[in-house]
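Single-structure report; data block below.
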Amino acid sequence: MTADRMPLLYLNPKKLLLSKWTAVVPRDKELHFLVSKVIEPAPPGTTIESVELEAVYSRRVLIVPWRELKDSSQWRQGWQPLQAKQ
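Per this note's numbering, the very first residue in the sequence shown carries number 8; after that it's consecutive.
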């Protein structure tokens with residue numbers, strides 16, 4: 008499937024902990040990431056907005072809105088090999 012025809016990815020933010028992700032465009036050799044923390048909202052009971060991603064290569068931590076993981080132009084679910092540029 009081409010990127011413009013990728014099916015929408017359904018994600019449950021409560022089940023993202025320890026899930027694996029691949030950056031479509033790696034920076035500083037950071038290709039594979041692990042959700043190391045689901046950031047709980049300040050008032051309990053409200054919706055989860057962000058997750059903490061840890062780069063496997065460098066251990067650098069990124070905090071991103073969890074919905075950003077649904078964007079197939081930025082992220083792929085699972086650890087995928089680096090795609091050759093066409």
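The beta carbon of each residue, even a glycine, is placed where N, CA and C say it ideally should be.
Measuring CB to CB, does residue i end up less than 8 Å from residue j?
| i | j | result |
| --- | --- | --- |
| Lys-27 | His-39 | yes |
| Val-58 | Val-71 | yes |
| Ile-55 | Val-68 | no |
| Val-31 | Ser-80 | yes |
| Thr-29 | Arg-83 | yes |
| Ser-65 | Glu-37 | yes |
What is the DSSP secondary structure of residue i, counted as helix, strand or coil?
| i | result |
| --- | --- |
| Arg-74 | helix |
| Lys-27 | strand |
| Pro-88 | coil |
| Pro-51 | coil |
| Met-8 | Residue confidence is low: Met-8 scores 45 on pLDDT, short of 50, so the model does not pin down where it sits. No coordinate-derived value is stated. |
For residue i, list the residues DSSP reports as bridge partners.
| i | result |
| --- | --- |
| Arg-83 | Thr-29 |
| Ala-62 | Phe-40 |
| Ile-46 | Ser-57 |
| Arg-34 | Glu-37 |
| Leu-69 | Leu-60 |
Is it buried or exposed for residue i, if we count other Cβ within 10 angstroms and need 16 for buried?
| i | result |
| --- | --- |
| Leu-76 | buried |
| Leu-60 | buried |
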